[in-house]
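Before any comments, here is the structure.
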Amino acid sequence: MKELAEAIKKAQQVQEGAKQLQEDLEQMEIEGEAEGGLVKVFMSGNQEPIRAEITQAAVDKGLEALSELVTAAMKDAYLKSTETMRERMEDLTGDLNFPGLSG
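What follows is the structure, encoded as structure tokens:
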């Protein structure tokens, strides 16, 4: 019974931590860029787009190149954001060791 109580307590702690993590991810601003910052895209930790910054040099490259730069910056921001989310989730659940449930 003590093991079950400990497992329930840990599950509640994880639930509270997950709620806080969700709030933290919403507040994060993660930057992705292309070609040394010609285009920058900012996303939250939840992969919500926040804004984009496009330099005149990027615009001068033409529409097709600009589209490629924006796409590259979006991919960079998305990868960084998902990696951040994964790391934070591992931090939250990494020490989960429910007593009596390991094989």
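Start counting at 1 in the sequence shown, then tack on 50, and there's your number in my numbering.
Even for Gly, the Cβ is constructed at its ideal location relative to N, Cα and C.
The structure displayed is predicted, hence computed values, not measured ones.
Please state the DSSP three-state secondary structure of residue i.
{"i": "M139", "result": "helix"}
{"i": "E73", "result": "helix"}
{"i": "A122", "result": "helix"}
{"i": "S152", "result": "The predicted model places S152 with a pLDDT of 44, which falls under 50 and marks its position as unreliable; any figure quoted below should be read in that light. Correct three-state label for S152: coil."}
Can you list, in chain order, the residues of its chain with a C-beta nearer than 8 angstroms to that of residue i? Leave out the 5 residues immediately preceding and following it.
{"i": "L116", "result": "V89, I104, A108, V109"}
{"i": "G87", "result": "T105"}
{"i": "Q77", "result": "S94, G95"}
Take residue i and list the residues in its own chain whose beta-carbon comes closer than 7 angstroms to its own, dropping the five residues that flank it on each side.
{"i": "A61", "result": "none"}
{"i": "A55", "result": "none"}
{"i": "S152", "result": "Residue confidence is low: S152 scores 44 on pLDDT, short of 50, so the model does not pin down where it sits. No coordinate-derived value is stated."}
Alpha carbons only, please: which of the options is nearest the one belonging to residue i?
{"i": "A38", "options": "E137, M139, L113, N96", "result": "No information on residue 38 is available, as it lies outside the stretch 51 to 153 that the chain covers here."}
{"i": "I100", "options": "Q72, G67, S131", "result": "S131"}
{"i": "R136", "options": "L71, F92, A102, L113", "result": "L71"}
Under the DSSP definition of a beta bridge, which residues are partnered with residue i?
{"i": "M93", "result": "I80, P99"}
Say the cut is 7 angstroms; is the CB of residue i nearer than that to a heavy atom of the ligand GDP?
{"i": "Q72", "result": "Within the structure as shown, the ligand GDP is missing, as the structure has no ligands at all."}
In chain order, what residues of the same chain lie with their CB nearer than 6 angstroms to the CB of residue i, ignoring the 5 residues before and after it?
{"i": "A102", "result": "V91"}
Is the region 77 to 87 in contact with the region 117 to 133, if contact means three or more CB pairs nearer than 8 angstroms?
Segments in contact, yes.
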